[in-house]
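Using the numbering used here, you'd call the opening residue of the sequence shown number 3 and step up by one each time. Glycine residues also receive a C-beta, built at the ideal position from the N, C-alpha and C atoms. Treat the numbers as computed from the prediction; the structure is a model and nothing was measured. A quick write-up on the structure given underneath.
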Amino acid sequence: MATDKDLLRQAYMDGELSVEEIIRFESERSEEEFRALQAEQAFESVLIEKLEADCACPDELWQDIQNRIAASQRQPQTRRLVLWLAALAAVVTIVAGLLPGGNAR
């Protein structure tokens, strides 16, 4: 479970502290802790930059993704059509049985 100290550290790393809280947080750190925080921030910045970099998705993978999306969108429409046809067949059967000359006795 995260402690208040952990939450405060994470808020600092995420840039969520006010100016006063930043000053207080930094003043309570040793030089070694402060350098470790700066190194972690630098690492996270580089990581975020790399993750956000424009990288091309292989055409084959992109086509597979598009095909799966299209198939998942078609499936509910097909299911709906089958249900409507089944309901229509049931209604026709009931009505045919109620009409004169039907098999209803």
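If you look at residue 44, you'll find it in the alpha helix (DSSP H) that goes 33-54.
The continuous stretches of alpha helix (DSSP H) do not include residue 16, and DSSP gives it neither H nor E.
Cα atoms of residue 69 and residue 59: separation of roughly 15 Å, rounded to the nearest angstrom.
Annotated three-state conformation of residue 30 is coil, per DSSP.
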